[in-house]
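Okay, so here's the structure we're looking at.
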Amino acid sequence: MRNPSSGTLERLQKRSQFLTIARTGRKAVTQGIVLQARPLEPGHETEIKVGYTASRKVGGSVQRNRARRRLRAVVHDVMNAMAIPGHEFVLIARANTLTRSYDGLLADLKRALGKVDALKQEVRT
């Protein structure tokens, strides 16, 4: 998944990466998602790293998997166009992630990116 103007999207997969972002990053809570973000180390200015998680508060395994799929779809549509490269993000599903409209999730992610200062300047208007 490469977009030359915005960088590359990579997946976070190790628990330690998620914990580091939770401990040292910024957090934004919206109706449909919780976004945690932190800047990457120098030398990784073109990368965007993303991880997804859903706790049992969201529901059983079927609901959690569906919530993560919805988060991946929103990230696919939004992240390269709106997020500043050089950051790593964790998207946490909420119970509303399952019932919120897709447009609502898109708006939630854009709002959350602005709250953690990772929204591109040209998109802020």
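Position 114 of the sequence shown, counting from 1, maps to 127 under my numbering, and the rest follow consecutively. Every residue gets a Cβ at the ideal spot worked out from N, C-alpha and C, and that includes glycine. Note that the structure is a prediction, hence the values are computed from the model and not measured.
Query raised in the report: Would you say the segment 76-95 touches the segment 51-59, given that touching needs at least three Cβ pairs under 8 Å?
Result: no
Query - Within 8 Å, strictly: CB atoms of residue 111 and residue 76 - result: yes
Query - Expected contact under 8 Å - CB spacing of residue 44 and residue 113 to nearest Å - result: 6 Å
**Report entry** Beta-carbon spacing of residue 34, residue 104 below 8 Å
**Finding:** no
**Report entry** alpha helix (DSSP H) runs wholly inside the segment 26-104, at least 4 long, in chain order
**Finding:** 28-37, 74-95
Query raised in the report: Measuring CB to CB, does residue 91 end up less than 8 Å from residue 119?
Result: yes
Query raised in the report: Who pairs with residue 106 in a beta bridge, going by DSSP?
Result: 46
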